[in-house]
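Asks: Sequential numbering from 1 applies to the sequence shown in my numbering.
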Amino acid sequence: MATSFLENSTRTKHSFEVAIYKLGGFFLDFNAETSSLKKGETLLDTLITLKAQGVDLCIIRTSISNQLDEFRNSPPIKIINGGDGVNEHPTQALLDLFTLIELAGSAANLKGKTMTIVGDLIHSRVGHSLIKLLPQYGMSLILCGPPEFLPAFELPTNVRLKTHLDEAILESDFLYMLRVQKERHEKNYEHTFTDYIKNYGVSLKRLQDLNKLVPVLHPGPCNIGVELDLEITKSKFYQAHFQVENSVPMRMAIIHSILNNEHTHIGKKNGAFT
Ligand code: NCD
């Protein structure tokens, strides 16, 4: 396998690498900076080259949204999307689903549960994938954040918007905090960060005051003092480390299923997920 991370990563890249080792495979750590991509080679040619060298599967992270769409209908090699720009991060959403199933006790128990996703919703690929995935398990979602970070696209049923965090928390069984994605901001949102923790951050005290000590998830990396305070990250309600733990078996399962099924792509086909 090849891990081709054209954008920074700690958790996703390493957990894929550990997953590959645990499955008995090995990987090429494809380094974009020292590769022929820097000489103008296309990603398509790069993938054809990796395939010719015996690579079965390539895990790609890119800062360009939808960059992998060109391979959707005839992929030159099996591909896993490790996060593409602001578009999607499907394997993160799947490992979060796994974590939620563990917290709820079973997938069936997720039906009717409400989770609030808080923060920079328009720039978060994790948020976009969760919005597609979790309602399929019967969950209701509240999207909460500053008005300028709330999505303008059509929302699936069972997904609502709210700008008042305390109101959203009172209705929630789980909270999912998103990192403010400053590196993806095309506009200046500085005014939004004044009092961000007060308006859209979660602290242990906030949950205690509301008498709503619910599990708090975060995909990491987190900005302590922005979307979370230090105390909540040290509390038993904080799930980020369990999410990382779960990322290895979930990514093992994803790799295993992609290598062993006959599908040439994974995603939505004729209305059904494959
Ligand atoms: C996320 C990412 O890279 O999209 N992190 C991750 O994969 N664990 C979230 C983020 O960067 O905020």
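In this text, a Cβ means the ideal position worked out from N, Cα and C, and glycines have one as well.
Small disclaimer: the values here were computed from a predicted structure and weren't measured.
1. Tell me where the beta strand (DSSP E) around K162 begins and ends.
2. Please determine, among R11, F5, I60 and F16, the residue with the shortest C-alpha to C-alpha distance to H256.
3. Straight-line CA distance for K38 to L6?
4. Identify every run of the beta strand (DSSP E) within the segment 168-239, keeping only runs that are complete inside it and at least 3 residues long; order them along the chain.
5. Does any heavy atom of the ligand NCD sit closer than 7 Å to the C-beta of V126?
6. Just to confirm, does H90 get its C-beta within under 7 Å of one of the non-hydrogen atoms of the ligand NCD?
7. Tell me whether F273 is buried or exposed, calling it buried when 16 or more other Cβ atoms sit within 10 Å of its Cβ.
8. Enumerate in chain order the residues of its own chain whose CB-to-CB distance from F98 is below 6 Å, with the five nearest sequence positions on each side excluded.
9. Thinking C-beta only, is I80 closer than 8 Å to T116?
10. Are the CB atoms of I77 and L47 within a distance shorter than 8 Å?
11. Buried or exposed for L50, please, with buried defined as at least 16 other CB atoms from any protein chain shown within 10 angstroms of its CB.
12. Answer yes or no: the CB of R206 versus the heavy atoms of the ligand NCD, is any distance below 7 Å?
13. Nearest-angstrom Cα distance between D173 and S35?
14. Quick check: the Cα distance between D166 and F193, rounded to an integer number of angstroms?
15. Which residues in the same chain as A19 place their Cβ atom closer than 7 Å to its Cβ, once the five residues preceding and following it in sequence are excluded?
Replies: Reading off the structure:
1. As a first step, residue 162 is located in the sequence shown; it is residue number 162 there, counting from the start. Element bounds for K162: V159 to K162.
2. Locating residue 256 in the sequence shown gives position 256, where the first residue counts as 1. It is F16 whose Cα lies nearest to the Cα of H256.
3. Residue 38 sits at position 38 when you count from the first residue of the sequence shown. Residue 6 sits at position 6 when you count from the first residue of the sequence shown. Going by the C-alpha atoms only, they are around 11 Å apart.
4. 174-177
5. As a first step, residue 126 is located in the sequence shown; it is residue number 126 there, counting from the start. Flag set: Cβ of V126 near the ligand NCD.
6. Stepping through the sequence shown from its first residue, residue 90 is reached at position 90. Note that residue 90 is Pro in the sequence shown, not His. Every heavy atom of the ligand NCD is 7 Å or more from the Cβ of P90, so no.
7. Walking along the sequence shown from the start, residue 273 turns up at place 273. Residue placement at F273 is poorly supported in this model, since its pLDDT is 45, which falls under 50; the coordinates still yield a value, given next. Exposed, because fewer than 16 other Cβ atoms sit within 10 Å of the Cβ of F273.
8. Looking up residue 98 in the sequence shown gives position 98. Correct list, in chain order: N246 and M250.
9. Within the sequence shown, residue 116 is the residue found at index 116, counting from 1. Within the sequence shown, residue 80 is the residue found at index 80, counting from 1. No, the pair does not count as a contact, with Cβ atoms beyond the cut-off.
10. What you label residue 47 is simply residue 47 of the sequence shown in a count that begins at 1. What you label residue 77 is simply residue 77 of the sequence shown in a count that begins at 1. A contact, by the Cβ cut-off of 8 Å.
11. In the sequence shown, the residue the question calls residue 50 occupies position 50. L50 should be labelled buried.
12. For this step, residue 206 is matched to residue 206 along the sequence shown. Result no, Cβ not under 7 Å from the ligand NCD.
13. As a first step, residue 173 is located in the sequence shown; it is residue number 173 there, counting from the start. As a first step, residue 35 is located in the sequence shown; it is residue number 35 there, counting from the start. Taking C-alpha positions only, D173 is separated from S35 by approximately 46 Å.
14. For the purposes of this step, residue 166 is taken as residue 166 along the sequence shown, with counting starting at 1. For the purposes of this step, residue 193 is taken as residue 193 along the sequence shown, with counting starting at 1. If I take the Cα positions, the gap works out to 18 Å.
15. On the sequence shown, residue 19 is found 19 positions in, with the first residue counted as 1. Here the set comprises V248, R251, M252 and I255.
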